[in-house]
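Read through the structure below, which is laid out as structure tokens, and then see the notes.
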Amino acid sequence: MQDFFIPSSLIIQEKCCLNDFEALHTQLIAGETSCEKITQAYLRRIEQKKNLHAFLHVFADEAAERARTVDRKLADGTAGPLAGMVIAVKDVICMKGHPVTCGSRMLENFISPYDATVIQRLDAADAVVIGKTNMDEFAMGSSTENSAFGVTLNPMDESRVPGGSSGGSAVAVAASMATTALGSDTGGSIRQPAALCGVVGLKPTYGRVSRYGLVAFASSFDQIGSFGSTVRDVAYVLQTIAGHDPCDSTSADLSVPDYLKALTGDVKGLRVGIPTEYFTSALEAEISGPIMQKVDLLKRHGASIKEISLPHSEYTIATYYILSTAEASSNLARYDGARYGRRAPGVKDLLEMYTQSRSEGFGNEVKRRIMLGTYVLSAGYYEAYYRKGQKVRRLIKQDFDRAFQEVDCLITPTSPTSAFKIG
Amino acid sequence: MKFSEAYEPVIGLEVHAQLLTESKAFCGCTTKFGNEPNTNVCPICLGMPGVLPVLNKNVVEFVIRMGLATNCRIAPRSIFARKNYFYPDLPKGYQISQYEEPICTGGYVEIDLEDGTRKKIGLTRIHMEEDAGKSIHDQDAQTLMDINRCGGPLIEIVSEPDVRSPREAYLYLYKIRQIVTYLGICDGNMEEGSLRCDANVSVRKKGETSFGTKTEVKNMNSFRNVERAIEFEMNRQLRMLEDGEAVVQETLLWDADKNAAYPMRSKEEAHDYRYFPDPDLVPVLVDEPWIERVKSNLPEHPTTRRDRFISEYSLPWYDANILCEERGIADFFEAEISHLHKDDGAKQKEKIKLVANWVMTSVLRELGQRKIRIEDFSLPTGRLASMIELQVDGTISSRISKELWDEMLESNEDPKVIIEKKGLAQVSDEGAIEKIVNEVLEKNKLQVEKFLSGSERVFGFFVGEVMKATKGKANPTLVNSILKRRLSETVLSK
Ligand SMILES: [Zn+2]
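So the protein sequences, as listed, match chains A and B. Under our numbering, the residue at position 120 of the first sequence is numbered 120, and the numbers go up by one with no gaps. Position in the second sequence (first residue = 1) + 423 = our numbering.
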């Protein structure tokens, strides 16, 4: 079922193709190219496509140095499984000695003192991190227009948004500025930009990947995932970053299956669910048409298709907003100007330090969500909003539990529209 | 009847105890006290972006100990919550605590009232939480932060409003300290803040079942202050009621120097903590085998131990109470008892009482003078017991035993070796003592005359002279009987 995958479209003037990790790795092992050459090719590509504003920080020298180390390990035969992979990282994931702005003025000059678990694992597997990508501030948004550092353009049509909040990472892969990219997904922040940029995006199941070092937006929803040009590339990244982490109590202590081995292309007997609530008449034909073509394709290859119902679907967005903003209001309390990050100058007392620093440091969307979250947790409103939200969340989960007794997977649209115009 | 006599105070106490785990509650930093400011820190307790807490299992172990020692129900599943408020010493902008589902509920402790009866004080809950840092306001109106203590493990013990007097509050707190120190989970030092107490105080007419408006009193950093502050607040409320005013619900800070409590600024207390379950932590699951394991390793409860000292060692309540005040002292006492030779009932009791006396006076005095804890007392186990044996079997006199004790502390040598070296053994040779008695009587003819003319007091003088001549080593019983005999012989010979 090779035609189910996004076709490789962007091949540049190098001897290798920059959006297929397996192809790169094969050439690397055969000695036809080097990790340094691959890295330099991506760096040139980033320079060429600077106008897209996918990256907030590019680690040109450091990435080249890392690539040379990987080349030495390749020569020794000690290189890790991701040798040759050049990866972009959303600027919400911590890397020791590097900025982690989260797209916010609040953390404009903040340097992380430690590495996220996913970064440690990618390092150990010999992937090369090339830079950090633009995003909606604190991962709140779905267009990457909410970044304090400017918008990112969709490479397919530069007048359109790339989606968000992980827009920079989606663009980095779509425009061949990196083999793969890490993003974070709370309420669609990987899946939606992947859809809008035409790449593969994966939000792993909550608990599959350690959140240690991912700057929190809504802790019970946040999950690190990846972008790639192919499902296999995304699987390579997941294989490396998945698994229990003692530094994250919410990471699942379950064994990690061999994802690549599971990608046989054989779908015979696969039970595919189509949730009717997701395919209303309001859905544009531009979206539903191609999805149904793929459903047909699966059917032709032996999958069984079944309509199912997720009756609480209409409450998901309200529930998500109540619970995610509640958590965000608490998670973002640490940005108070006291220890790191932005501190407003010339304040007269403690209260003014808090209010001024936060007024200056946060953008409007972040402020709106902090206010909403503070409200739903307040005395007198907690029961009506937060606790009710938690109850509805359980009902929504039960919908899925029931559905997965009947089917193995669901097919849904990621976004009700394709990429919209900037502004 | 006085106005106040118709009223009674209703008091509930919230006690925070700093746990003696090696590392903090949610990160690997040490809990060591007294290090340079901001050196016991890491990205987690500094609340850096992206960090996550991981619960220290020993914190759970310690709170289970406390729960079992105070008859609580241990919840098989409890959860952590976030208590949200802004303060510079709180790096995350929230404190990790427990709110809706705490680990321990519904226990009690027994306090000993001065009239000899016992009273149960109910416990609403005991929960785990993390400590805040310390703000230091210097003279330049700058505020400095020390994050060392931040993230340190605490338990909060919340009592029912069962306390009915400032004295009972004192006794309750005293009992809590005794239990936590016995369990080895907290050093119980109020002055250093490892044990902190807040009080909820209200008053009501005796016989009423509803509660009056309560106030919260904070910042009482000693046992005396807790008693005094509650006394103050109780009287303040009574005066208000007597004047026909209404008590306002507020938080007061105790000022020990002024011997008064003052309201906090309302801005500081107007908190809506917006508690909600902490999504970064998973529920704490405690199974039956874990509880059983903790239970089987629990030290004897101080009250149980005191009762046993009374029945097993025939000690008076007063002695048993002092000996059991601190676990280390009680351990020291029992270790010495175990080194005594087994004798018949009366003699054994006598020896045990002597050991008890010695511990209550000389040992405690020594600790106080050296300002050390019993654990740091260097006297090898069994030395006190063998000294008592030597005293009881007459090898040394009780007077000499004091000299021997000092020598033992000085040289750390075995008492028998010291007696040998210093010639401290009691002289029990009747002939030798009689010789000295005769010499004394010969030398002091005038006093003998006095004695014979009825001045009994002079007898003591003769004993003193004999002791002086023998450097205190003469067996006092023999000295007494020989003196009596010789003096009566003198009478007869006259
Ligand atoms: Zn720490």
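Don't be surprised by glycine CBs; every beta carbon is placed ideally from N, CA and C. These numbers come from a predicted model, not from an experiment.
Item	Value
Contacts around His-25(A), its chain only, beta-carbon distance under 6 Å, and the 5 residues preceding and following it disregarded	Gly-84
Proximity test, Cβ basis, 8 Å: Val-483(B) and chain A	no
For Tyr-430(B), three-class secondary structure by DSSP	strand
Distance, Pro-275(A) Cα to Thr-412(A) Cα	7 Å
Min CB distance Gly-213(A) to chain B below 8 Å	yes
8 Å contact criterion, which Arg-105(A) and Gly-361(A) should meet: CB distance rounded	5 Å
Same chain, Cβ closer than 6 Å to Asp-233(A), five either side skipped, listed in chain order	Phe-21, Thr-180
Below-8 Å beta-carbon distance, Tyr-114(A) vs any chain B residue	yes
Thr-250(A) beta carbon less than 8 Å from that of Arg-211(A)	yes
Min CB distance Asp-20(A) to chain E below 8 Å	No chain E appears in the structure shown, which is made up of the protein chains A and B.
Residues within the stretch 510-528 of chain B neighbouring chain A, beta-carbon criterion of under 7 Å	Pro-511, Pro-514, Lys-515, Gly-516, Tyr-517
Short CB-CB distance (under 8 Å) between Leu-263(A) and chain B	no
Beta-carbon proximity check, Phe-466(B) vs Pro-246(A), cutoff 8 Å	Reading off the sequence shown, one finds Pro at residue 466(B), where the question assumed Phe. The answer is no: Cβ separation not under 8 Å.
Cβ-based neighbour list, Ser-357(A), same chain, cut-off 7 Å, excluding 5 preceding and 5 following	Asp-336, Gly-337, Arg-342, Arg-343, Ala-344
Alpha carbon of Leu-410(A) to alpha carbon of Gly-273(A), nearest angstrom	4 Å
Contact set between Arg-505(B) and chain A, taken where Cβ atoms lie within less than 7 Å	Ser-330
Straight-line Cα distance separating Ser-645(B) from Gln-441(B)	15 Å
Reduced DSSP secondary structure (H/G/I, E/B, other) of Leu-202(A)	strand
Any non-hydrogen atom of ligand 1 within 7 Å of Lys-447(B) CB	yes
N-terminal and C-terminal residue of the beta strand (DSSP E) that Met-551(B) is part of	541-553
Three-state class that DSSP yields for Asp-446(A) in the structure shown	Residue 446(A) cannot be examined here, being either before or after the span of chain A that is shown, 1 to 423.
Alpha helix (DSSP H) segment containing Leu-664(B), residue limits	646-665
Sequence-distant residues of the same chain with beta carbon closer than 6 Å to Glu-583(B), five excluded per side	Gly-545, Thr-547
Proximity winner among Thr-316(A), Leu-310(A), Gly-31(A), relative to Asp-401(A) (alpha-carbon distances)	Leu-310(A)
Gly-530(B) versus Pro-803(B) - alpha carbon distance	39 Å
Any non-hydrogen atom of ligand 1 within 7 Å of Cys-450(B) CB	yes
Which residues DSSP lists as bridging Trp-677(B), in chain order	Ala-684(B)
Residues from the stretch 464-478 of chain B in contact with chain A, defined by Cβ distance under 8 Å	Pro-466, Leu-469, Gly-470, Met-471, Pro-472, Gly-473, Val-474, Leu-475, Pro-476, Val-477, Leu-478
Classification of Val-161(A) by the beta-carbon crowding that lies within 10 angstroms, buried from 16 upward	buried
is_contact[Val-705(B), chain A] using C-beta, thresh 8 Å	yes
Neighbouring residues, chain B, relative to Cys-409(A) (Cβ below 7 Å)	Here the premise fails: no neighbours, minimum Cβ distance about 27 Å.
Contact belief for Val-850(B) with Lys-896(B) at Cβ below 8 Å, rounded distance in angstroms	5 Å
Short CB-CB distance (under 8 Å) between Pro-702(B) and chain A	yes
Residue environment, Asp-258(A), which counts as buried when at least 16 other CB atoms sit within 10 Å	exposed
Heavy atom of ligand 1 within 7 Å of Cys-620(B) beta-carbon	no
Buried or exposed (CB count within 10 angstroms, at least 16 for buried), Asp-554(B)	buried
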